[in-house]
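First comes the structure, then the notes that go with it.
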Amino acid sequence: MHVFLTLMLSLTWLVLLGDSGVGKSCIVLRFVRGHFDPTSKVTVGASFLSQTLGLQDSTTVKFEIWDTAGQERYASLAPLYYRGAAVAVVVYDITSEETFRKAQYWVKELQKHASPGIIMALVGNKADLHENRAVSSQEAIEYAEKNGMFFIETSAKTANNIIQLFEKMKIEVA
Ligand code: GTP
Ligand code: MG
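Written out as structure tokens, the structure reads:
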């Protein structure tokens, strides 16, 4: 008797957007390499990494990740990375109100110019710094709900909720 195994591999283009310093590169590094680099350098232009999730089950998603540069001077490049993306992860830093406003700017831009069916996640990073919290979870939850986004607070430093973020995105695209 022959046993056939069908493995569905879907390639998923995922883009990270958000202000400089919120921890986008650290989130990707934590997800792909499993470590945290406190001396992470600002991203220039954008950087690309890929990671496959779910090798053991029948739906395997390979994330092709564009980690964009948050510095203002690179803002005009962003459409190159989000146009055609299946998933957009918009990141802010829970200790900075300003980065939360910047996240809202990116959400509006995605709503105007990204693919209509794009899956969006709002991510409050640096959750380990809760003593310095400037953006309440409630405020972010309400904003995410209003805009049809998945919401999660993460810490690239402690790894809290990083895998959960990508697992959730995997379920959404599978
Ligand atoms: P750009 O590349 O300029 O857009 O910035 P970025 O969003 O990629 O930021 P990056 O990942 O380089 O992180 C900036 C700094 O924030 C890092 O050097 C870390 O020290 C710090 N950082 C990132 N994630 C966390 C986190 O979860 N907790 C804490 N405490 N610090 C973090
Ligand atoms: Mg970066």
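Heads up: the sequence shown is residues 3 to 176, going by our numbering. We treat Cβ as the ideally placed atom computed from N, Cα and C, and that holds for glycine. Predicted model, so just to flag it, every value in this text is computed and none were measured.
Item to check | Cα-Cα separation between T101 and D95, rounded to whole angstroms | outcome: In the sequence shown, the residue the question calls residue 101 occupies position 99. In the sequence shown, the residue the question calls residue 95 occupies position 93. Distance between the alpha carbons of T101 and D95: 6 Å.
Checklist entry - So is M151 buried or exposed if we call it buried at 16+ other beta carbons inside 10 Å? => result As a first step, residue 151 is located in the sequence shown; it is residue number 149 there, counting from the start. Per the 10 Å Cβ criterion, buried.
Checklist entry - Would the beta-carbon of S27 be found less than 7 Å away from any heavy atom of the ligand MG? => result Counted from its first residue, the sequence shown places residue 27 at position 25. Under cutoff, so the answer is yes.
Next on the checklist: Since L31 and F65 should fall inside the 8 Å C-beta cutoff, what is the C-beta to C-beta distance between them, to a whole number of angstroms?
Outcome noted: If you number the sequence shown from 1, residue 31 lands on position 29. If you number the sequence shown from 1, residue 65 lands on position 63. Not confirmed; about 14 Å, so no contact.
Checklist entry - If you compare alpha carbons, which of I154, I173, S49 and G23 is closest to P40? => result Reading the sequence shown from its first residue, position 38 is the one you call residue 40. Of the candidates I154, I173, S49 and G23, the one whose C-alpha sits nearest the C-alpha of P40 is G23.
Checklist entry - When the Cα atoms are used, what is the spatial distance from K2 to N162? => result In the structure displayed, the chain extends from 3 to 176; residue 2 sits before or after that span and is not available.
Item to check | A158: CB within 7 Å of a non-hydrogen atom of the ligand MG | outcome: Walking along the sequence shown from the start, residue 158 turns up at place 156. Checking every heavy atom of the ligand MG against the Cβ of A158, none is found closer than 7 Å.
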